[in-house]
Structures are given as C-alpha cells and as structure tokens.
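S.K.: I am attaching a structure below and will ask some questions about it afterwards.
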Amino acid sequence: MNIRPGPRNRITDVDGILVGNAEDHRVRTGVTVIYPEARCPAAAEVRGGAPGTLNVQALDPASLGNAVDAVVLSGGSMYGLDAAGGVVAALGARGRGIAFGGAVVPVVPGAILFDLMNGGDKAWGEAPPYRALGRAALEAVGADFALGNAGAGLGARSGALKGGLGSASSVTADGLQVGAIVAVNSFGSAVMPGTHHFWAGPLELEAEFGGLGPPPADWRGAPEMPTPPGFALNPMANTTIAVVAVNAALDRGELQRLAIMAGDGLARAIRPIHTPFDGDSVFALATGRVPLTNPAMLARLGHLAADTLARAVARGVYHAAGLGDRPGWDEWRGRR
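Under UniProt numbering, residues 1 to 336 are what the sequence shown spells out, in order.
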C-alpha cells in the first residue's frame, strides 16, 4: 500500500475539513476548532479515566442523529467547555445547523484538557476567556494552521516535556484521504525513556518529526513507569484529545468502528496511555466523498487513522517550544 503525507501533512488534506486556532498567551491556553465545510456525521471514543467532554452521547449510534457542524478542542479544564458555546452562537448567527422552524441549532461536540497549572494567569474571575477564544478560532479556520504551541496545544504538557498541537495526514494512491489532529497533554511520554526517539518513530513518513526512526539497537526499555514532574502534587492534570477525519462515506456504526480503531493510535505514540489521570478522547468525522465498497476498506481506513494519529502525536511534541517548567523536545534533546 503506497502511503504518503498530503501536501500540508495536516488533517486539512482531507477535502472539506478546515481548522482554526486561537490563543491567549497571558493565560497560556487556547482553542482549536475543526470545521467541516458541510455538516458531516461524527462519532466519539472515550478511553481515559478522567474525561471532560461535551455532547459525546449525542454521537452514539443509538441516538437520534450524529451530524455535526464543528468539533472544539480546548484548554481550560471545565472552563474550556465555554469555547463550544462561543462556536455555537457564531454558527447559529450564520444560519448553520439544524433548522427548527425559525430557529437554527448547531451541533458542536468537544473535549477539554487540563492546563490550569502551567504558570499562566488564571485569575479571570467570572469572565473566563474560552467563549471568545472559541469564536476567534472559528473565525480563523482555513487549510493552513500552526502546530506545537498553538490552539488547544498552547498550554499542554506531555510527560516531562512540553506538549502541543499535532496534525498529520495519509493519502493513498487510490484516493483515500485520512487526517488527524491532536492536542497532546499526556501523563505518559511520547518519547522512549532514556532516548530522544519517539514511540511513533517506526511510523514516521518523510522525516516529519526529526527522522530519528526506531531506538538504538541496544535499547532495552525502562524498568518502571516514569512519572512527570509535579505528579505527586497534581495527579489529574492530563488528557490527550483528538479528531480524525476520512473522505469516505460511512454510516453511524462504521464511523464508530473507525473512532475505536483510530484511538489505538494514541497507544502507538504515548506510554502509558488511558490512565486514571487522563481523559483521552477521539472524535471521528467522515466527509462522504468516496464510497465505502466493502468491510475490508473500513478496516484499512481504521488502520490508517490509527497510524496517522500516532504520527500527529509525535509532531505535536516535536513542534512544541518550551514553556514554563516543560522544555520543548528540541531544547531537551540539546541538553542530553
């Protein structure tokens, strides 16, 4: 199977998907909006032990409907749920959503990560910044967007390193497009202990996160699970949240299976993963531009989505600059 990154190596290589970021550097937080140009079906898979999500149950195949107008990834823990409200208000004003007589109701699920202890100014009183950040991120949507300390990844951490916003894409010779975007704020590490190699190294395409590949031949692993700095004081301050998208036409059950398979990409890129301290959540979107011809094609899409998400995780950490007490990967590598 001939796989290559799309021209941007971002989720926006899936036709019909746009992304916008907004940040507040004083607060050290941000919001990312994933915006399908046409309403499209969605699913979600939540595996972490401490999730923070919005409208996920509405995406269950047993629920009435699952088409969405946007997906919001936000910092801010519970405060960050306000970001989706800003997006809903802006989309409703545009007439985007489900029409009920004279009313329009946008459907906007989302997920949040914990970035409240990264040194930013969180003294916002009764006026958290997230509703405004959600609107700003929606206004910024386009095909090109920044990685690393951008959007929901601005205040993120990943183990002992700075986390960030990552994205990647996979395009096949027969026209399939698969993309992923992820805000990496993990308890576990994206880097193999005792090395500067990424767990996702064997999946790397075209030196997209340093070209280091697998670990040295004499690497034997770590004897025990490493814990990030400050863990004893702040054991619940994590969560990796992601969206994958494909250009295939999937029904609700097929899309749920895609989300389940895509979630394994986090396990290929972060260890440990799905801990009691993380709220790992993955959304899946299908733009419906290529017909699904057989069940094997769904399995292929799920496999591609998992690998693409794993690469996106590594890219998020690779592109992140140091902030507060967490060095960026490049800075940290230079110290070793």
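By construction, the Cβ of each residue, glycine as well, lies at the ideal position given by its N, Cα and C atoms.
Keep in mind that this is a model prediction, so the values were computed, not measured.
(1) Span of the alpha helix (DSSP H) holding residue 177?
(2) What whole-angstrom Cβ distance do residue 262 and residue 305 have, given they're in contact under 8 Å?
(3) Terminal residues of the continuous alpha helix (DSSP H) containing residue 308?
(4) Considering only DSSP beta bridges, list what residue 204 is partnered with.
(5) Output the boundary residues of the alpha helix (DSSP H) element that contains residue 89.
(6) Report the option in 168, 174, 26, 155 whose CA atom is closest to the CA atom of residue 7.
(7) Can residue 21 and residue 146 be called in contact, C-beta distance under 8 Å?
(8) Helix, strand or coil for residue 26 per DSSP?
(9) Throw me the rounded Cβ distance for the residue 14 and residue 247 pair, which I believe falls under 8 Å.
(10) Once the 5 residues before and after residue 149 are set aside, which same chain residues still bring their CB inside 6 Å of it?
(11) Can you say whether residue 185 is buried or exposed, counting buried as having 16 or more other CB atoms within 10 angstroms of its CB?
(12) Mind checking whether residue 278 and residue 50 have CB atoms under 8 Å apart?
(13) Ordered along the chain, which non-local residues of its own chain (more than five positions away) have a Cβ less than 8 Å from that of residue 191?
(14) Could you name the residues of the same chain whose beta carbon sits closer than 6 Å to that of residue 85, not counting the 5 residues immediately before and after it, in chain order?
(15) Which residue spans inside the region 208-288 form an unbroken alpha helix (DSSP H) run of at least 4?
(16) Return the CA-CA distance between residue 204 and residue 332, expressed in angstroms with no decimal places.
(17) From the DSSP secondary-structure annotation, give me the bridge partner or partners of residue 171.
(18) Going by DSSP, which residues form a beta bridge with residue 166?
(19) So residue 273 and residue 111 are in contact, right, with Cβ under 8 Å, and what is the actual spacing, rounded?
(20) Using DSSP's beta-bridge definition, name the partner residues of residue 54.
(21) In terms of residues, what are the limits of the alpha helix (DSSP H) holding residue 139?
(22) Does DSSP put residue 44 in a helix, in a strand, or in coil?
(23) Reducing DSSP to helix, strand and coil, say where residue 103 ends up.
(24) Going straight from the alpha carbon of residue 102 to that of residue 94, what length do you get?
(25) Taking only three categories from DSSP, how would you classify residue 152?
(26) So, with DSSP's three-state summary, where would you put residue 39?
(27) What do you reckon, are the CB atoms on residue 179 and residue 3 nearer than 8 Å?
M.R.: Answer, in terms of the structure:
(1) Where residue 177 is concerned, there is no enclosing alpha helix (DSSP H), although the beta strand (DSSP E) it sits in stretches over 177-184.
(2) 4 Å
(3) 295-318
(4) According to DSSP, residue 204 bridges with nothing at all.
(5) 82-94
(6) 168
(7) yes
(8) coil
(9) 5 Å
(10) 164, 320, 321
(11) buried
(12) yes
(13) 159, 161, 197, 198, 199, 317, 329
(14) 131
(15) 252-269
(16) 20 Å
(17) 4, 177
(18) 182
(19) At roughly 15 Å, the Cβ-Cβ gap does not stay under 8 Å, so residue 273 and residue 111 are not in contact.
(20) 110
(21) 130-139
(22) strand
(23) strand
(24) 13 Å
(25) helix
(26) coil
(27) no
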